[in-house]
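Written out below as structure tokens is the structure these notes cover.
Chains as they are written, first to last, in my numbering: chain V, 7 to 117; chain F, -16 to 107.
In structure tokens:
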């Protein structure tokens, strides 16, 4: 059982927006602004899409955005494109004794 | 551009120790810019952080794996390694079968650069 809770699936049509949630506790998501999101296509390594809740690494389209409220973080993908179809994982810092906890992943389908 | 590459055996017996190496190119593991981490993903399942090492050699381990994991730096080879052992009467199990990834790790900023991953199967 993963430390962070994500919905197993999400979907949207091309051009639409979809939001994926990531729920933790006050010991991880709620306690720090250190949430990151990863995109993983089949057979590939994960790719960092969002870090520190809202920041995008160089090269990540601004269609990807992150936010947080309390113990729940969210990833929003706007203007859905076919290539956005992938698994998405959230992760959070959880203190000096547990540097990273992950969510179980969400499979995003572009209809 | 920083590149990471995992290497090691693809098949390990339950009574043995799982040992992997991550070789870094395009930057020095002693630079102090990054921590260096290991993450695994069982087939068809999610990601699990195993542990990370600071350039000073300070290590941080997932509490659930701490008793079985050792991560070390090898500065002369610009690499770092993972050892996952069977402890006392507890052997490696099929649950340790996974794709093992190495990655740069900043605790606040996540895992930025990743290796391609290596599938390790635990089986007799």
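Each residue gets a CB set at the ideal place from its N, CA and C atoms; glycine is no exception.
Secondary structure of residue 51/F (DSSP, three-state): helix. Nearest to residue -4/F by C-alpha distance, out of 74/F, 100/F, 88/F and 45/F, is 74/F. At a cut-off of 8 Å, the C-beta of residue 111/V has a neighbouring C-beta in chain F. Contacts with chain V (Cβ-Cβ distance below 7 Å) from the segment 60 to 83 of chain F involve no residue at all.
The Cβ-Cβ distance between residue 36/F and residue 61/F does not fall below 8 Å. The contact set of residue 94/F on chain V, defined by CB atoms closer than 8 Å, consists of 42, 44, 52, 54, 97 and 106 in chain order.
A straight-line Cα-Cα distance of about 39 Å links residue 85/V and residue 78/F. Interface residue (Cβ-Cβ distance to chain V less than 8 Å): residue 99/F is classified as such.
44/V is the residue among 44/V, 97/V, 35/V and 31/V whose C-alpha sits nearest the C-alpha of residue 83/V. Taking every protein chain shown into account, the CB of residue 90/F has 16 or more other CB atoms within 10 angstroms, so this residue is buried. Separation of residue 24/V and residue 63/V (C-alpha to C-alpha, rounded to the nearest whole angstrom) is 20 Å. Closest option to residue 13/V, judged by alpha-carbon separation, among 81/F, 34/F and 29/F: 29/F. Residue-level contact by beta carbon fails for residue 21/F and chain V, as no gap is shorter than 8 Å.
CA-CA distance, residue 69/F to residue 10/V, rounds to 27 Å.
Sequence-distant partners of residue -12/F (beyond 5 residues in either direction) whose C-beta falls short of 6 Å from its own C-beta, in its chain, are 6 and 98. Taking a contact to require three or more Cβ pairs closer than 8 Å, the segment 56 to 72 of chain V and the segment 48 to 68 of chain F do not qualify as touching. DSSP, reduced to helix, strand and coil, places residue 60/F within a helical segment of the structure shown. Cβ contact annotation for residue 40/F (same chain, cutoff 7 Å, sequence separation greater than five): 56, in chain order. Nearest CB-CB separation between residue 77/V and chain F: not below the 8 Å threshold.
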